[in-house]
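Note sheet for the following structure.
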Amino acid sequence: MKSKILYLALALVAVQTTSCEKEERLNPVPTNSISDLSAFDSQLRIEGQVRAFYATVKNSGMYGGRYQIFNDIRGGDFQNDRTNVVTGFDIWNYTPSNSSANSVQAFWSRAYYAINLVNVFLEGMDAKGTAVVGDAVSKNYQAEGRFVRALCYYGLLQFYARPFYDGNGSKPGVPLRLTSNKGSGNYDLARATVAEIYTQILDDLNFAETNLPLNYSSSTLNTTRAHRNTAIALKTRVYLSMQRYGDAVTEGNKIVTTTAPFRAATGVNHALNPAFGTAFSNYVTNESVFSMPFTANEAPGTQNQLGYYYGASGMNGGNGEYSLLPTGIIANAGWKATDARRTFVVVSAGKSYLNKYPGGAPFADWAPVIRYAEVLLNLAEARVRSTNTVDAQAIALLNAVRQRSDNTTTFAAGDFATPAALADAILIERRIELMGEGFAGSDLTRLGQPLPAKPGVNAVLPSSQQYIWPISSTELLLNKLCVDN
Amino acid sequence: MRKLLVALTAVLLFTGQLLAQKTVTGKVTDEKGDPIPNASVIVKGSNTGTVTKTDGTFSLTVPANAKQLVISSVDMGTEEVSISTQTSVSITLKPADKSLQEVVVVGYGTQKKGDVTGSISSVKGAAVANRPTQSFEQALGGRAAGVQITIPSGVLNAPPVIRIRGTNSISLSSYPLIVIDGIPVITGDQSSTAAAGNVLASINPNDIESIDIAKDAAASAIYGSRAANGVIFVTTKRGKSGKAKVSLDSWVGWSKVQRLPELLDAFQYTDIKNEALVNAGTFNAASNNFALTNGPDGNPINTNWYDYVYRQGFQSAHSLNVSGANDATSYYFSLGYSDQEGIIKRNDFKRITVLSNINHKVNKWFSVGGKLQFSNEKNLAAVSSGSLGDAFSTAGLGRVPLVTAPNISPYNNDGSYNYSGALIGVMNNKQGQVGFNNPVIQLDQNRANSEANHILANGNFQIKPLDWITYRMQYSIDYNWIDNEQYYSPISGEGFPGASATSNLSKLKNTVWTNTIQLDKTFASIHNFSLLGGIEDQRYNNDGYGINRINVNDPAFTNIQGGWATPQVAGTSIGESYLYSQFGRLQYNLGQKYFLSGNLRRDGASQLGSSKKYGTFWGASAGWEITKESFWAGSFMDNVFSNLKLRASYGKVGNIAGLGNFASLSTFGSGLYNGNGTVVFNQAGNSNLTWETSKKLDVGLNFGLLNDRITGELTYYRSDINGLLLYVPAPPSAGLPSSIPTNIGEMYNKGFEFAVNVSAINKKDFTWNSSFNITYNKNAVTALAPGVDNIVSATGGLESPSITVPGQPIGMLFVTRTGGIDAATGRRILINKAGQPIYFQHVVPVGSGGFRFSNPDGTSANAVSSADAVVYRNTNPKFVGGFDNTFRFKNFELNALLTYQLGFYIYYGTRAGLHDQRFWNNETTILDRWQKPGDVTEYPKVVFGDNVSNGSSFPLDINVYKGDFVKLRTVTFGYNLPLNAISKAGIASARVYVAGNNLLMITKYPGPDPEVSSNGNGTTNQGIDRNTVGNQRTITVGINIGF
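If you're matching them up, the sequences are chains C and P in order.
Be aware that the first sequence starts at 195, since it is given in my numbering, and climbs by one per residue.
Be aware that the second sequence starts at 50, since it is given in my numbering, and climbs by one per residue.
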């Protein structure tokens, strides 16, 4: 027995010493992720990466809600009721610091993460992916990537850089990253100028316009992925921000017919819905040019949700982070009580709230990024400012937006003593029409208007340091060439 | 080893040849005259011998020419007696030079303490038994030199912070390897709910025989790649020879919270907040103010929120064990039950343990053994305490009572809960919000439980083909099934409005297969060799899945099985790792005078980069027992020193603790975009990723004085850590999905340890034993990564008060300086990066022409922020240790253990919140605020909304305090019932005691407890107290009975 047991023991040791599973176990393959070596191996994975661009700007507080909210609350129409910096108290009162984690740091990081995904993708397509999916599809996908990259850079400029008007784009913009970053390296990079970044944005959008498909197979895809008209629509916004109004008119004209009913004649036939509210319940009508989709399974995540910020507990179970300032746009006398858009202002526990995002937890209302009404108002404003006249077409576009919700009001040339008065009326219309969709802050800064005073908060002059956000402290620590605002 | 020798002796007895003989009889007694059973009696220079009977007597047939007998016994010294002229002898054995005779665990074996040349501290199981703790390590503080134990919070079963000779890592864990009965086990908090779930709580502390802590490379290198943080060997109890012994240990205890900050009451709060509104220019008697509300009794509500969150917890534990052994078999069975209530309401810990240890000798060359331990631990809580890495949780029970307005009640006057949406209702306050969650709803309705079922078992067999060769195989399993269950009521803040239920199961499987062969041989009777060789496979798998449901159909459903609208995947996880090792150890001593040992281990680890899977680690040591030298013997010094050993060791060991299973790989993850799959670059890897290496030097002197009445050791150590893994952060604008793990940093720990045990008085009726230890440790980071000159670390995800920079100890506090309060204006003076004083006012009065940030001359200044922070103070204690005294008078016994940590600072972030000028309630110190020009005070003019002046917005130096403390950790007063009184009842021993834990603390720290850590075992963010629940103070009463 002794020898048998001894042999058995020796056999066990031999098995353990020579086991061929050993090397396999030392090199385990993760079962819930894909190796970087095979990420461009199939159409499925490549298109998965394209979708990931959108998912990335949707998540964690970019265009899925936080971009809109940060812009809204930099304006004068919302009241912060929670004094919580996690939900933008410091943004609202114009005092974010370099280390404001949920705004200054998070938006910066997220935008560049998305930008790098696009850069990694563009390089991977050149190396391998184009051969897998073919040139035409590859160009479509690359155009989608560059559209998202443009959207990211545009968002960064709105918060972290002086507006274009200030020095005609000569002020510091943000670091311009166009190559893929995958491993360790020296990533010091100085900020490019505002103009350089805008040039890149336009380059990306022009490429996108040329190479994006005219449309997709479903209205859902037409709303959630970029097509040609999406790129053009974004260009109208970009040119407006650069005060290149003539170019904005040129772009606008590509997707807005010259006469009412205004619509996009080619590609996806964007047009206003008959009723204002439709776009906030049916998310995939042709009015929604580009939106961030949410479902219960793909919820915006805690403290990122539009409905959670703007809805009160008595409405949709929101947290009532922001009510509507009684002295803000809701006090506007020209905004009639019968205006359909007034029905989206709901009083709860004595305060007024915006009800564009009425869904309860998990607050899965889609987040609008580009809505056709904006395009019409962009074009209207660009026409006024480029022609410096009380432009009839501009009035017609303004009326198209106003009269959809309030057919008792008709603007006429006689209502506007100067072109500036018409431009102001268009800005008022933007505050009414686009409230809660992320325009208030950038509409002020692109024109060099002060950020308004609010209860307990002083106005911020365009020359002030607080007019734009500081740069993320993490960036300043790690990127020696980056300077603060 | 001793058992082995005894067994060998017995074997040889039977095989010895019989020559001319005579019979010797005798009796062996101790100094008191009591008989010593089982003492070994051997003819000197032969294998002939026997053992004494229970009455101490023996009878031995010896060769006629035998001259001397050698008599020895466990725990006693060795005596020689001449039998050349007498055949009847009586021998008195003195207590042995105990410390040298004790056996210590060294990894894959044991060694006599006297032979050890590595640095090992041993703690008896009794030191950690019968304490109001959940896991044994919680009671280790102050017991061993070089070992710093910090209990991070008053939440039950949070893993203590353990540092052996300082912090050893930046990005990886600094937690030591824990080896229980030869099994390297899973450690850490494995609960995924707000209830802490330290895996080591599965060990009933009363089952522990001894704890041996290997600190230097010589002692730990046998665990190679996992040895850099030290190794803690836990040995559970075995049966000891003799009849079955039964023992019962029970205690009950009461725990309380202590030293909570004193807060404003409702009246003070209302006044202060209104003053702040007035100062901000926004007070409005109709729409913007704070106001009292009358309660149901008609008087203004004045709520002390502590009363709703804290309680006196009742705790108890009971252990029953049976053990015994005969020549062939030893056994130990135990049952344990513990039920403990924490100081936070609904925070409970319940544990059932069953343990059996059995060893059986089949024949003289074959033996088998094994252990089987099952435990069930219920870690229960209502919601987060805010003490476990979620310092800013609005639900955190450590924070809620500090923040919530005292002028509101948790109940409306009609008795219903006071809430509005997710928040507690404001009552008469004209404010959007005067608190976060209503803690009473949280405590009444929510659940955050984690239940662990844990099996720790091994089976082994041992073959001795020759008496000096031992082959051993052991297979061990360490399985944790952790069931997490969480429910948030629809009216509680976390669950509002749809309620939420989450359940997930996490399975952790760890198996270890070990084969070793050991050769022990003595040549020429003085050259003692011991050679060990082994191979080991360790496999680890984890697999978790679960579901989260929100939007309940009916509030009656409170679990995932009920009716809900939304199912979502929650808590999925999967991973595996593998470690393949070959190791060896050679020990040699020359006549117990000169000692040499070497350890070698080669590890292959799956977590590492494809080109760096294998690494080799080693440790070597030498010792010199000076008292064995002939020049020493007979000298004056020989009378003073009973032993004096100089030892030194050096070696290279590694650390991969806490490294992710696939950390070296670059991967793309997968998510969804509107229901369609995505592929997204989610991890940037490093194919050169490898271990952190520590080169450890240790030089020490062990001494015994006056026949070992005084024993101790003095050690100098230095550990140089290279290749520290840093998740090298790239600028965020690089857009990398993750920081890349890179072996790049360097750090060292060096210091001294001194430990001394004194048997000060040793009379029959009165004894006094005293032991003291102190460790001085100096830690400094010497290099980070090129381009990374600092690592800023966050607390609770919201603030970053910690920084690690080269040239300084790890985890320095990183705060912005202040310069007091301007007596003229009541403004906080901040010091900017350039060292200039900047006056801050939160609200610039309209028309004042002033600025939020201004220079002393009133001109506008750039904002001061965290970007102006400076590397401020050290958080690593310079000195840690303990002072333990035991007095016995007749049947009475008094034991007191003091522990201390000195020479470090804490960022008391809680205090920032306590002076925040949002709706948050304040500490009463705010009453001393600035009110009028000329006021000289610590606290600025209160301005509503101001969260800068107090340090909420970014950390300020005003909230940094010295953390030095001395704690009366435990004090126990016991009484052993007289034997004659209890023996009739068949009881062999009975002891009753009353004990106190944390009864007394000497510290200047203003917070509840300087021994806390908001970030648990975090390495770069230690020394932070942000809304942490302090440690409990406990009184226990217990009884130990032996049958």
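All residues carry an ideal CB built from backbone N, CA and C; glycine is no exception.
The region 961–979 of chain P contacting the region 987–1005 of chain P, beta-carbon criterion three pairs below 8 Å
yes
Quick one: what's got a C-beta closer than 7 Å to C:V280's C-beta in the same chain, skipping five residues either side?
N296, Q497
Endpoints, the beta strand (DSSP E) within which P:F730 is located
725–732
Assuming P:F545 and P:A471 are in contact, meaning their beta carbons sit under 8 Å apart, how far apart are those beta carbons, in whole angstroms?
4 Å
P:S655, buried or exposed, once every other Cβ within 10 Å from all chains shown has been counted against 16
buried
If we count the other Cβ atoms within 10 Å of its Cβ and call it buried at 16 or more, is C:M719 buried or exposed?
No information on residue 719 of chain C is available, as it lies outside the stretch 195 to 679 that chain C covers here.
When Cβ atoms are compared, which residues of the region 625–649 of chain P fall closer than 7 Å to chain C?
E625, Y627, Y629
Contact criterion: CB-CB distance below 8 Å. Does C:K216 meet it with respect to chain A?
Included in the structure are the protein chains C and P, with no chain A among them.
Can you confirm whether the region 602–621 of chain C touches the region 471–484 of chain C when touching is taken to mean that 3 or more C-beta pairs between the two stretches lie within less than 8 Å?
no
Own chain, CB closer than 6 Å to C:N682, minus 5 neighbours either side, in chain order:
Outside the shown range of chain C, which is 195 to 679, sits residue 682 of chain C, and nothing can be said about it.
Which residues of the region 522–549 of chain C have a Cβ closer than 8 Å to any Cβ of chain P? Give them in chain order.
A543
Are the region 1065–1085 of chain P and the region 834–851 of chain P touching by the rule of at least three beta carbon pairs closer than 8 Å?
yes
Beta-carbon proximity list for P:I759, same chain, < 6 Å, skipping 5 on both sides
V807
Determine which residues of the region 719–749 of chain P have a Cβ less than 8 Å from any Cβ of chain C, and write them out in chain order.
S719, G720, L721, Y722, N723, G724, N725, G726, T727, V728, V729, F730, N731, Q732, A733, G734, N735
Starting from P:T331, find everything on chain C with Cβ-Cβ shorter than 9 Å and list it in chain order.
P649, G650
Counting only beta-carbon atoms, is P:I623 nearer than 8 Å to chain C?
yes
Start-end ranges of the alpha helix (DSSP H) lying completely within the region 941–974 of chain P, minimum 4 residues
958–963
Using a C-beta cutoff of 8 Å, does C:T250 count as contacting chain P?
yes
Give the residues of chain C in contact with P:Y520, contact being defined as C-beta atoms less than 9 Å apart.
L200, A203, L204, V207
Does the CB of P:P546 have a neighbour CB from chain C at under 8 Å?
yes
Do the region 622–634 of chain C and the region 517–530 of chain C meet, that is, are 3 or more Cβ pairs less than 8 Å apart?
yes
Under 9 Å, CB to CB, which of the residues in the region 982–1005 of chain P have a partner in chain C?
F993, G994, N996, V997, S1001, S1002, F1003
If you follow the alpha helix (DSSP H) that C:T414 is in, where does it begin and where does it stop?
413–418
Does the distance between the C-beta of P:G860 and the nearest non-hydrogen atom of the ligand NAP fall short of 7 Å?
Of the ligands one can find in the structure shown there are none, so the ligand NAP has no counterpart to examine.
Starting from P:G749, follow the beta strand (DSSP E) in both directions and report where the run begins and ends.
741–754
Please check if any C-beta of chain C sits within less than 8 Å of the C-beta of P:I584.
yes
Coil, strand or helix - C:A249 by DSSP:
helix
Whole-Å CB distance - P:A440 paired with P:R901, under 8 Å assumed:
At roughly 27 Å, the Cβ-Cβ gap does not stay under 8 Å, so P:A440 and P:R901 are not in contact.
Under 7 Å Cβ to Cβ from P:T64, same chain only, skipping five residues before and after it: list those, please.
Note that P:T64 scores a pLDDT of 42, beneath 50, so its modelled location is shaky; the value from the coordinates is reported in the next line. Closer than 7 Å at the Cβ level, and outside the excluded window around P:T64, lies no residue.
Would you call the CB atoms of P:G37 and P:A501 closer than 8 Å?
In the structure displayed, chain P extends from 50 to 1092; residue 37 of chain P sits before or after that span and is not available.
Considering just the uninterrupted stretch of the beta strand (DSSP E) at P:P616, what are its terminal residues?
613–618
Helix or strand or just coil, what does DSSP make of C:F283?
helix
Hey, how far is the Cα of P:A56 from the Cα of P:T935?
Caution is warranted here: a pLDDT of 44 is assigned to P:A56, below 50, making its placement in the model unreliable, and no coordinate value can be reported.
In whole angstroms, what is the alpha-carbon distance linking C:L200 and C:P222?
34 Å
Whose Cβ in chain P lies nearer than 7 Å to the Cβ of C:I309?
G784
Using the DSSP secondary-structure output, state which residues sit across from P:F821 in a beta bridge.
P:V805, P:F932
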